[in-house]
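Here's the structure we're looking at; comments come further down.
Printed below as a string of structure tokens:
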């Protein structure tokens with residue numbers, strides 16, 4: 002599952018919307034929506050994210066956070082370490098080979114390390130805490 006897919010699934014559950022209903026409203030097939038939620042499709046397009054934002058009436062910062070989740074939802078990632086150190090290449094390869102075996106605590110620790118070194122644009126959250134509508138929190 003991808004961060005965007007997880008957010009969409011939670012939004013649907015909160016609102017009591019089926020995949021079929023949402024897919025029909027957005028003009029996509031239920032199979033596409035399912036594949037997107039489960040991470041079997043590439044990251045969603047900007048246009049599709051905008052349709053989801055409109056469908057759930059998500060506003061302001063919450064809409065930006067859903068867009069950020071969409072950009073972090075590429076299920077197949079390539080890391081180009083050409084020109085970087087041998088250690089960077091080693092770490093990238095080790096992460097690729099072991100990520101499926103890391104538990105939630107280890108992934109949180111790695112995410113924390115990345116949050117500490119990754120520059121965040123002004124107004125961007127390192128870890129989105131989405132709210133799907135006026136005052137309604139998206140469960141994590």
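Numbering (this note's numbering), first residue to last: 2 to 141. Just so it is clear, CB atoms sit at the ideal spot from N, CA and C, and this is done for glycine as well. Note that the structure is predicted; figures quoted are calculated from it, not measured.
Under 8 Å between C-beta atoms of residue i and residue j
i          : j          : result
residue 45 : residue 37 : yes
residue 82 : residue 97 : no
residue 31 : residue 74 : no
Buried versus exposed call for residue i [16 or more other C-beta atoms within 10 Å across all chains shown]
i          : result
residue 60 : exposed
residue 63 : buried
residue 71 : buried
residue 8  : buried
DSSP state of residue i mapped onto helix, strand, coil
i          : result
residue 88 : helix
residue 58 : coil
residue 5  : helix
residue 29 : coil
residue 65 : helix
Spatial distance of residue i from residue j (CA atoms)
i           : j          : result
residue 115 : residue 15 : 31 Å
residue 22  : residue 43 : 22 Å
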